[in-house]
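0 is the number of the first residue of the sequence shown in numbering that gives the first Met the number 0; add one for each residue after it.
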Amino acid sequence: MVFEPTCLHHLKGEEHFKQASVPCVLFAQPPDGDLLLLTVSENGGIKLWDVASGKAIQDLGDGHTAATTKDGRIAATCFKNEVKIWNLSTRENKVMCTDHEGVGSIAFSPDGATLATGSFDGTIRLWDVATGNHKATLMTKEMVCGVAFSPDGMLLSHAAYFSPSKPSASVWDWRTNTRLSVLEGHRSDVWTTIWSLDGEHVLTAGNDRAIGVWEVSNPSSPTLKHWLKDWDAVKCLAVTPDGDHLVSGSYDDKIR
Numbered sequence: 000m001v002f003e004p005t006c007l008h009h010l011k012g013e014e015h016f017k018q019a020s021v022p023c024v025l026f027a028q029p030p031d032g033d034l035l036l037l038t039v040s041e042n043g044g045i046k047l048w049d050v051a052s053g054k055a056i057q058d059l060g061d062g063h064t065a066a067t068t069k070d071g072r073i074a075a076t077c078f079k080n081e082v083k084i085w086n087l088s089t090r091e092n093k094v095m096c097t098d099h100e101g102v103g104s105i106a107f108s109p110d111g112a113t114l115a116t117g118s119f120d121g122t123i124r125l126w127d128v129a130t131g132n133h134k135a136t137l138m139t140k141e142m143v144c145g146v147a148f149s150p151d152g153m154l155l156s157h158a159a160y161f162s163p164s165k166p167s168a169s170v171w172d173w174r175t176n177t178r179l180s181v182l183e184g185h186r187s188d189v190w191t192t193i194w195s196l197d198g199e200h201v202l203t204a205g206n207d208r209a210i211g212v213w214e215v216s217n218p219s220s221p222t223l224k225h226w227l228k229d230w231d232a233v234k235c236l237a238v239t240p241d242g243d244h245l246v247s248g249s250y251d252d253k254i255r
């Protein structure tokens, strides 16, 4: 399917975008506010934009990754080993953790109560968003490049970068600290993972230009359903709100 997009705004920020790619963009709409956009630049900065006007409204400081809650109230940003939680209505923030080194990916649970931080040190830590308390640590023994909660919040998938064995992703019951299954089949590093909206499938992608579609209705016994071939290494995936289409972003500067 080919779309003919219409450009609504050309976001301008000389230092933010200068000679740098933008690895992460996120929409958020607080219940009492306007539609917002967060952009993460490889220059190391995170900005908040008003979508209607296309104007930058706040600099959220240094950071290399971000996440937002499903209801658009809260955002999390990460720089090095410091994770901040932002109230998108008041634009106030609090530091939630400062001791999880090498964090490369973060994700909120669907209810917004728990934040997962995945690190190159081989661990995934779970945090209580309201209190900042540490809830659990998953010992993966792999460099964690992507984390994602299932739609019901009961399970967690992670993508493995530089896995000591075969390139893979995994599915966890994070509440019991149990790895339920390993999703093997990729020929190179797995960089990203997401869930289908019904929670029946996990999707994985990475350096081998392939997107794996895994049925996980029984998460302890997953089944590979499809290999979808992209034209280049896949950095990110997204499912459309109706759950019918998959979108991939690749290193050839194409969105498919």
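Cβ coordinates follow ideal geometry from the N, Cα and C atoms, glycine included.
- Query: Between C194 and G205, is the Cβ-Cβ spacing less than 9 angstroms?
  - Reply: It should be pointed out that residue 194 corresponds to Trp in this sequence rather than to Cys. No; because the gap between Cβ atoms is not below 9 angstroms, this pair is not in contact.
- Which one of A232, F148 and D70 has the shortest CA to CA distance from T116? F148
- Item | 9 angstroms Cβ cutoff met for H63 and V39 | yes
- Neighbour-count burial assignment, F26, 16 or more Cβ in a 10 Å radius: exposed
- Query: Since L37 and T68 are thought to touch, with beta carbons under 8 angstroms apart, how far apart are those beta carbons, to the nearest angstrom?
  - Reply: The pair is not a contact, with the Cβ atoms about 12 angstroms apart (cut-off 8 angstroms).
- Examine chain D for any beta-carbon lying closer than 9 angstroms to the beta-carbon of D197, and answer yes or no. The structure shown contains no chain D, having only a single protein chain.
- Message: In the DSSP output, which residue or residues are listed as bridge partners for I123?
- Response: G117 and L137
- What's the C-alpha gap between G111 and D58? 23 angstroms
- Task: Could you please give the first and the last residue of the uninterrupted beta strand (DSSP E) stretch that includes N206?
- Result: Per DSSP, N206 belongs to no beta strand (DSSP E) and is neither H nor E.
- Message: So if DSSP puts K54 in a beta bridge, which residue, or which two residues, is it bridged to?
- Response: D49
- Task: Note down the Cα distance separating R174 from A135, rounded to an integer number of angstroms.
- Result: 8 angstroms
- Taking only runs of the beta strand (DSSP E) that begin and end inside the region 147–201, which ones reach a length of at least 3 residues, in chain order? 155–160, 167–172, 177–183 and 189–194
- Ordered along the chain, which non-local residues of its own chain (more than five positions away) have a Cβ less than 6 angstroms from that of N92? K83 and W85
- Just the Cα atoms here: how many angstroms apart are C235 and A106? 14 angstroms
- Item | Residues that E81 bridges to, as DSSP identifies them | F78
- Query: Which residues in the same chain as T222 place their Cβ atom closer than 6 angstroms to its Cβ, once the five residues preceding and following it in sequence are excluded?
  - Reply: E214
- Query: If we ignore side chains and look at the alpha-carbon of each, how far apart do F78 and C96 end up?
  - Reply: 11 angstroms
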